[in-house]
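Peer 1: Following numbering that gives the first Met the number 0, the numbering of the sequence shown begins with 0 at its first residue and continues without gaps. A virtual CB, placed ideally from N, CA and C, is assigned to each residue, including glycine. These numbers come from a predicted model, not from an experiment.
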Amino acid sequence: MEDSLIQLNDLPDEILMMILKKLHSCDVLYSLIGVNKRLDTIVQDSFVTAYLTLTVSPYGFLNFTDPILDRFCSKILPKIHHKIGWINVESSSMERFLRSKNYPNLYSLGLCHLASETARDLFTDGSYLIQNFKNQISSLMIHISKRCQESTSIKDINIFIYTQIFTRFKNLKNLNFNPTSASQYDQLIFSPSPPRIFSSTLLQLRVVKFKFNIHSFIPFNNQINLPSNEYIQHTFKNFANKNQIISSIDCFPKANEFHCHIYSYPYIWTDYDNITNNFRGGLFKSVLKLSLVDERPFEREFFLRIAKSFPCVKELHVHNQEPQKNDNQQWSIIEYSYLIQLDLLKTHENYVEQFLNNTKLSLLHNIYLRVDYDTLQRVTDNFTNDTTRMNCSKIKYLILYNQPEFCSPNLKDYFAHAEIW
């Protein structure tokens, strides 16, 4: 370690800063602050201290044991607390970090890896978070990663947190709730009836960016009067949002329900569920997981649009029992450049044939495929069809449902590189 420090001391400031910028801030501060005056000056520079992440990194070496926490709170934070503008902390250590010093220039706070009960307690009126930071925080990020263990529902906890945020943080401009999760914790569910949230300060809350993704499922009723897309768009006419707002309404008579989807565009989430033929297009580079659902057939032109709109999709689920009507149309070969997981279990054999026929669609190698055995056997002509052989040779994991006790002897040779379940 001593030799490494000598080598660091020999480097020019500019090169040393370039190296330190690539390291986790916790590691830099813990290892170098207090070593000598030169390193002290460098690591207390704003490139380390202005944006501080006090969370355990998979790429760092620190775990926040009590001795490490003691050193941070007693030796490190007193030297840099007034320089911190943005701080990310996690559940196990946040109270000690946030209580140890005042942060006069702190404007952005990230609360990571919270249990739902901890998140609820943090936003009660008497908590140190509300008392100390409600007036100075303009940007707030909350990540809830643990399941609720109490009888209180996730819905009730989320509603409470949202209410406290909107009524207590008077200078809030940016709210990011569960930015990395597609789980139930980032869903604010108003069912069976919406909650009433009143605030004397809410009208003064300046939300610069509001990104949302709302998907409603409405039981079918002949008496119901559904709003049109035009009406939905009209409700946002006074909405001060720079993002475009997309809306769609779909009717599913067989399922006896309507789907209503409203979201801000550009789309920032990694999942996009229940896409139908009403999909309007656009570019969704963030989406990695996709599901296609409809009671009307998906034609090949639809899959071309999906491939262009979701260039980075890795996991695709197709749920459609309606056969294609224009299967003989000539189209270019469809390519999903990053697709590695394909679920065709709840779909008509037309779509299984389309994805496995190499004259219609090109698959990557090492594909994970879920499909019904009988459907697969028909599509491949009992595992002999040459037009589906090439794509089937690219399957690495084949999950078969309704598999008979004795499968066709051609199965293993046809899927020569696959592990079959």
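With contact counted as at least three CB pairs below 8 Å, one residue from each stretch, are the stretch 44 to 56 and the stretch 72 to 84 in contact?
Peer 2: Taking 8 Å as the limit for Cβ pairs, the verdict is that the stretch 72 to 84 does touch the stretch 44 to 56.
Peer 1: Below 6 Å CB to CB, which residues in the same chain sit around residue 361 once its five sequence neighbours on both sides are set aside?
Peer 2: Taking the sequence shown and counting its residues from 1, the one referred to as residue 361 is at position 362. Result list for residue 361: 332 and 334, in chain order.
Peer 1: In whole angstroms, what separates the C-alpha of residue 232 from that of residue 214?
Peer 2: Taking the sequence shown and counting its residues from 1, the one referred to as residue 232 is at position 233. Taking the sequence shown and counting its residues from 1, the one referred to as residue 214 is at position 215. One C-alpha to the other measures close to 15 Å.
Peer 1: Alpha carbon to alpha carbon, what distance is there between residue 299 and residue 437?
Peer 2: Lying outside 0 to 420, the shown extent of the chain, residue 437 is not represented and no answer is given.
Peer 1: Give me, in chain order, the residues of the same chain whose beta-carbon lies closer than 6 Å to that of residue 141; leave out the 5 immediate sequence neighbours on both sides.
Peer 2: The residue labelled residue 141 in the question sits at position 142 within the sequence shown. Hits under 6 Å: 110 and 176.
Peer 1: Of all the options 123, 133 and 136, which has the alpha carbon lying nearest to the alpha carbon of residue 156?
Peer 2: In the sequence shown, counting from the first residue as 1, residue 156 sits at position 157. When each option's Cα is compared against that of residue 156, the closest is 123.
Peer 1: Between the stretch 349 to 359 and the stretch 316 to 323, do at least 3 Cβ pairs fall closer than 8 Å?
Peer 2: At 8 Å Cβ cutoff, the stretches touch.
Peer 1: What's the call for residue 238, buried or exposed, on a 16-neighbour Cβ count within 10 Å?
Peer 2: Stepping through the sequence shown from its first residue, residue 238 is reached at position 239. Exposed, since its Cβ has fewer than 16 Cβ neighbours within 10 Å.
Peer 1: What do you reckon, are the CB atoms on residue 307 and residue 337 nearer than 7 Å?
Peer 2: Within the sequence shown, residue 307 is the residue found at index 308, counting from 1. Within the sequence shown, residue 337 is the residue found at index 338, counting from 1. Taking 7 Å as the Cβ cut-off, residue 307 and residue 337 do not qualify as a contacting pair.
Peer 1: Grouping DSSP H, G and I as helix and E and B as strand, with all else coil, what is residue 218?
Peer 2: As a position in the sequence shown, residue 218 is number 219, starting the count at 1. Three-state result, residue 218: strand.
Peer 1: Grouping DSSP H, G and I as helix and E and B as strand, with all else coil, what is residue 359?
Peer 2: Within the sequence shown, the letter at position 360 stands for residue 359. Note: residue 359 maps to coil in three-state DSSP.
Peer 1: Let's test the definition: count the other Cβ atoms within 10 Å of the Cβ of residue 217 and tell me whether it reaches 16, buried, or not, exposed.
Peer 2: In the sequence shown, the residue the question calls residue 217 occupies position 218. It counts as exposed.
Peer 1: At what residues does the alpha helix (DSSP H) containing residue 75 begin and finish?
Peer 2: By one-based count along the sequence shown, residue 75 stands at place 76. Counting along the chain, residue 75 falls outside any alpha helix (DSSP H), and DSSP gives it neither H nor E.
Peer 1: Helix, strand or coil for residue 306 per DSSP?
Peer 2: As a first step, residue 306 must be located in the sequence shown, where it is residue number 307. Correct three-state label for residue 306: helix.
Peer 1: Return the bridge partner residues of residue 314 from the DSSP annotation.
Peer 2: Within the sequence shown, residue 314 is the residue found at index 315, counting from 1. 288 and 340, per the DSSP bridge assignment.
Peer 1: Can you say whether residue 263 is buried or exposed, counting buried as having 16 or more other CB atoms within 10 angstroms of its CB?
Peer 2: Residue mapping note: residue 263 aligns to position 264 of the sequence shown, counting from 1. That one is buried.
Peer 1: In the DSSP assignment, find the beta strand (DSSP E) that holds residue 369 and state where it starts and stops.
Peer 2: Taking the first residue of the sequence shown as position 1, residue 369 is located at position 370. Run containing residue 369: 366 to 371, per the beta strand (DSSP E) assignment.
Peer 1: Quick one: measure Cβ to Cβ for residue 288 and residue 269, integer angstroms, because I've assumed they're closer than 8 Å.
Peer 2: Against the sequence shown, residue 288 aligns to sequence position 289. Against the sequence shown, residue 269 aligns to sequence position 270. Yes, they are in contact, since the Cβ atoms of residue 288 and residue 269 sit about 6 Å apart, within 8 Å.
Peer 1: Tell me the DSSP secondary structure of residue 273 in three-state form.
Peer 2: What you label residue 273 is simply residue 274 of the sequence shown in a count that begins at 1. It is a strand residue.
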